[in-house]
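Visitor: One structure, pasted below without further comment.
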Amino acid sequence: MAGKGSDRKAKLKDLKGIAESNDTAAFTLPDSLPCSEVDFPILIKRKPRANWNDIIDESNKWHNELDEFNQSKLVPVPKSPFLRTETDYIKNEVFVQLIPALVETLNKAKIWQAFTRDKCFFNGIDHVVQVLWNNNPRYPGRKIVNFHLFNMPWVRKALKENPRPYYPKSWLWPEEYAATLIQKTVRQYFIQRQEEVQEMREFWKKLEVERQIPDMEFNPFLAKAFASAAHMKK
């Protein structure tokens, strides 16, 4: 009896193994199945615990937004004349226009290297006046035209009455151009001081004078006076 029972168990195991092999052989993943239709296993992650500091920061942010919204809905109450001060006027009327003009002037000064030079063509006061005049909120049309300072009518009138002195060349020329011009002048001097060059220049001067005065060829007195004058110059 024991042998028959063991044989039956062995047969049942063989039948189960055959059935499982048939099932796995029957299932094949088609080649044309897109990835979007495949049910992949989902990894369930554990939610992190809430951080108390994050909750407080979020709550404070939400309260600040509410306060800003409430302040924006409030109608501003103008101060009475006896409560208005000069500080309020300077802060609300003057600094609003003056501070951007000063910032732009500082940027221009950096471009012109006014901080590293003893003397410079750039004038900060002129530039501040130009920016304030063109950006005057009472005259919005000036911002479109954007006049240069010396093209403004009132500046032209003032300069006619009180003209400014001319800028020296050292303020107007860049360093490279000034160095080239100085070298050119020095070389020209050393060449022109040579005797051969001086003689040739004197010859051309006499020829030019003779062309301007045609009577010199027929008048010996003029020729003699011209020769003596040229000799005295030497």
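Residues in the sequence shown are numbered consecutively from 2, following this note's numbering.
Positions of the beta carbon are idealized from the N, C-alpha and C atoms, including for glycine.
Which of helix, strand or coil does DSSP assign to Ala-159?
Guide: Three-state result, Ala-159: helix.
Visitor: Rank Ala-179, Glu-105 and Pro-138 by C-alpha distance to the C-alpha of Asn-124 and give the top, closest one.
Guide: The option with the nearest alpha carbon to Asn-124 is Glu-105.
Visitor: With DSSP as the reference, label His-64 as helix, strand or coil.
Guide: Three-state DSSP puts His-64 in a helix.
Visitor: Would you give the residue range spanned by the alpha helix (DSSP H) that Leu-133 belongs to?
Guide: It spans 125-135 - the alpha helix (DSSP H) in which Leu-133 sits, taken as one unbroken run.
Visitor: Note down the Cα distance separating Gln-143 from Val-130, rounded to an integer number of angstroms.
Guide: Reading off the sequence shown, one finds Arg at residue 143, where the question assumed Gln. About 13 Å.
Visitor: Quick check: Leu-133 and Gln-98, are their CB atoms within less than 8 Å of each other?
Guide: In contact: Leu-133 and Gln-98 (Cβ atoms closer than 8 Å).
Visitor: Among residues of its own chain, excluding the 5 on either side of His-232, which ones have a beta-carbon nearer than 8 Å to its beta-carbon?
Guide: Annotation note: pLDDT 45 at His-232 (below 50); position unreliable, coordinate value reported separately. Cβ neighbours of His-232 beyond the five flanking positions: none.
Visitor: Can you tell me whether His-149 is buried or exposed? The criterion is at least 16 other CB atoms within 10 Å of its CB, across all chains shown.
Guide: The residue is exposed, with fewer than 16 neighbouring Cβ atoms inside 10 Å.
Visitor: With DSSP as the reference, label Pro-164 as helix, strand or coil.
Guide: In this structure, Pro-164 counts as coil in the three-state DSSP scheme.
Visitor: Given a cut-off of 8 Å on the beta-carbon distance, is the pair Trp-155 and Phe-122 in contact?
Guide: Their beta carbons are not under 8 Å apart, which means Trp-155 does not touch Phe-122 by this criterion.
Visitor: How many Å lie between Glu-94 and Gln-184 at the Cα?
Guide: The alpha-carbon atoms of Glu-94 and Gln-184 are separated by roughly 54 Å.
Visitor: Taking Gln-114 as the reference, give the member of Pro-138, Asp-89, Glu-176 and Leu-208 with the closest Cα.
Guide: Of the candidates Pro-138, Asp-89, Glu-176 and Leu-208, the one whose C-alpha sits nearest the C-alpha of Gln-114 is Glu-176.
Visitor: Could you pull out every residue in the same chain whose Cβ sits closer than 6 Å to the Cβ of Ala-102, ignoring the five residues on either side in sequence?
Guide: The answer, listed in chain order, is Val-129, Val-132 and Leu-133.
Visitor: My assumption, with CB atoms under 8 Å, is that Asn-147 sits in contact with Asn-137. Please give the rounded CB distance.
Guide: Asn-147 to Asn-137, Cβ: 12 Å. No contact.
Visitor: Pick helix, strand or coil for Lys-120, following the three-state DSSP scheme.
Guide: The answer is coil: DSSP assigns Lys-120 none of H, G, I, E or B.
Visitor: For Pro-154, which three-state DSSP category applies?
Guide: Here Pro-154 sits in helix by DSSP.
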